[in-house]
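What follows is one structure encoded as structure tokens, with my remarks underneath.
Number of protein chains: 2
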Amino acid sequence: MRFFEDLQVGETFTIGRHTFTAADIKAFAKRFDPQLFHVDEVAAAKSHFGALCASGWHTAAVWMRLAVEYRRHQDEAMAERGERVAAIGPALGFRELKWLKPVYVDDVIDYAYEVIEMRESNSRPRFGLMTIRSTGTNQHGELVISFVSTAFVERRDVAP
Amino acid sequence: MRFFEDLQVGETFTIGRHTFTAADIKAFAKRFDPQLFHVDEVAAAKSHFGALCASGWHTAAVWMRLAVEYRRHQDEAMAERGERVAAIGPALGFRELKWLKPVYVDDVIDYAYEVIEMRESNSRPRFGLMTIRSTGTNQHGELVISFVSTAFVERRDVAP
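These protein sequences, in sequence, are chains A and B. Residue 141 in my numbering is what sits at position 141 of the first sequence, and the numbering runs on without skipping anything. Heads up: take any position in the second sequence, counting from 1, add 1000, and you land on my numbering.
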């Protein structure tokens, strides 16, 4: 992770891409969201979605995996360049989580986030607070998921 | 699902209970949230969490499964009693999703929701809008997850 001081409002980061196969959609939904339009093509065709589509929690969970992997790769690259890596705390929650379009079989979702606010933390002065809007966009350029989260990011000047 | 007219602000529903085993926590996290404190006991012991704990998305996904099963059982019981079952639309998003305490190995989480607002829908007059606050509470009585969502619920008077 880059340090608080090295991040700017308006910066965007592309964290990864995922293709939602039918097997992938059904495996998640059978375990966590067994509504018919997430587990059965025939029933889904008759539903208001019109076809099998991914659970919203699946779309969100894939974001999490890509975010973790992206951050890990970034940290490794920084360490290889001999740069100091900043710590980041876990997000304590999410706001405005919206599923804007269904994710259908073989949809390809590009995940990204944009820094929308940076501010100091009164409670933890070693850290600053970074607020980001995360998004998933399908192959037609349509937003399918959007949410806002805030996390503690280590400050360079006061790091030990 | 009960009809819009048959639901009251302040009603609470207990939807189910889940015990988060170590195997369960690690299986989800390896697939969707491979941060060390979700997949490795030794690394987790050294983290700020102090022990292996579940991904927040796992805690949320289990809520979804229990909610789907609960609604299905409710609908079946209503149908057996010869009652008409109301339709419910999917939630289009969630607000104020908060992970308030870590969920550690063998924690037992009770999931529930409370109806916090009922209002008519201008865009879809066949439905009303039900807003609920969903929660997960551990065996110590501590809230571990909380979020708010709104869904369309069919109205009895205007159902076809």
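Every residue gets a Cβ at the ideal spot worked out from N, C-alpha and C, and that includes glycine.
Practice task
Could you tell me whether any Cβ in chain B is nearer than 8 Å to the Cβ of A/Gly136?
Solution key: With 8 Å as the cut-off, A/Gly136 does not count as an interface residue toward chain B.
Practice task
Could you name each continuous alpha helix (DSSP H) segment of 4 residues or more that falls completely within the region 1052 to 1135 of chain B, going from the start of the chain to the end?
Solution key: 1056 to 1080
Problem - A/Ser55 at chain B interface by Cβ criterion, 8 Å - result: yes
Handout entry: Delimiting residues of the alpha helix (DSSP H) encompassing B/Val1158
Key = That residue, B/Val1158, is in no alpha helix (DSSP H); it is neither H nor E in DSSP.
Exercise for the section: Give a yes or no on whether the minimum CB-CB distance between B/Asp1033 and chain A is below 8 Å. Expected result: yes
Problem - Buried or exposed (CB count within 10 angstroms, at least 16 for buried), B/Thr1021 - result: exposed
Exercise for the section: List the residues that DSSP assigns as beta-bridge partners of B/Gly1016. Expected result: Partner(s): B/Tyr1111.
Problem - Where A/Val153 sits in the DSSP three-state scheme - result: strand
Exercise for the section: At 8 Å on the CB atoms, spell out the chain B contacts of A/Val68, in chain order. Expected result: Asp1033, Pro1034 and Gln1035
Handout entry: Candidates A/Ala79, A/Arg31, A/Glu41 and A/Ser47: closest to B/Thr1059 by CA position
Key = A/Arg31
Exercise for the section: At 8 Å on the CB atoms, spell out the chain A contacts of B/Arg1065, in chain order. Expected result: Arg31, Phe32, Asp33 and Pro34
Problem - Contact the region 105 to 117 of chain A vs the region 13 to 20 of chain A: 3+ CB pairs below 8 Å - result: yes
Problem - Beta-carbon gap between A/Thr131 and A/Thr150 smaller than 8 Å - result: yes
Problem - Contacts of A/Gly93 in chain B (Cβ-Cβ under 8 Å) - result: Within chain B, the residues near A/Gly93 are Glu1096, Leu1097, Lys1098 and Trp1099.
Exercise for the section: Give the straight-line distance between the Cα atoms of A/His18 and A/Val62, rounded to the nearest whole angstrom. Expected result: 8 Å
Handout entry: Contact set for B/Glu1041: own chain, Cβ-Cβ below 6 Å, skip 5 residues either direction
Key = Leu1052
Handout entry: C-beta atoms of B/Val1148 and B/Glu1080 nearer than 8 Å
Key = no
Exercise for the section: Tell me, to the nearest whole angstrom, how far the beta carbon of A/Ala45 is from that of A/Glu154; I am working on the premise that it is less than 8 Å. Expected result: Contact flag wrong, Cβ pair sits at about 50 Å.
Exercise for the section: For B/Ala974, return the contacting residues in chain A, with the cut-off set at a CB-CB distance below 7 Å. Expected result: Past the boundaries of the shown model lies residue 974 of chain B; chain B is included only from 1001 to 1160, so the question cannot be answered.
Problem - Distance between B/Arg1156 and B/Trp1057 (C-alpha atoms, nearest Å) - result: 35 Å
Problem - the ligand ADP heavy atom lying under 7 Å from the CB of A/Asp107 - result: Questions concerning the ligand ADP fall outside what the structure shown contains, since it holds no ligand whatsoever.
Exercise for the section: Verify whether the separation of the beta carbon atoms of A/Lys98 and B/Gly1089 is less than 8 Å. Expected result: no
Handout entry: Three-state secondary structure (DSSP) of A/Phe147
Key = In the structure shown, A/Phe147 sits in a strand (DSSP, three-state: E or B).
Exercise for the section: Count the other CB atoms, across all protein chains shown, that sit within 10 Å of the CB of A/Val68; report buried if there are 16 or more and exposed otherwise. Expected result: buried
Exercise for the section: Assign A/Val103 to buried or exposed, taking buried as 16 or more other Cβ atoms, counted over all protein chains shown, within 10 Å of its Cβ. Expected result: buried
Handout entry: Limits of the alpha helix (DSSP H) - the one that B/Glu1011 falls within
Key = Neither: B/Glu1011 is in no alpha helix (DSSP H) and is coded neither H nor E.
Problem - Buried or exposed by the 16-neighbour rule on C-beta atoms within 10 Å, applied to B/Ala1043 - result: It counts as exposed.
Exercise for the section: With a 10 Å radius around its C-beta and 16 neighbouring C-beta atoms as the bar for buried, classify B/Asp1107 as buried or exposed. Expected result: buried
Exercise for the section: Pick out whichever of A/Val158, A/Gln139, A/Gly141 and A/Arg84 has its Cα sitting closest to the Cα of A/Glu120. Expected result: A/Val158
Handout entry: Pairwise C-alpha distance: A/Ala27 and A/Gly141
Key = 26 Å
Exercise for the section: Rounded to whole angstroms, what's the CA-CA distance from B/Arg1084 to B/Ala1029? Just pull it up for me. Expected result: Rounded to whole angstroms, B/Arg1084 to B/Ala1029 spans 41 Å at the Cα level.
Handout entry: Rounded separation between B/Thr1137 and A/Met64 - CA only
Key = 23 Å
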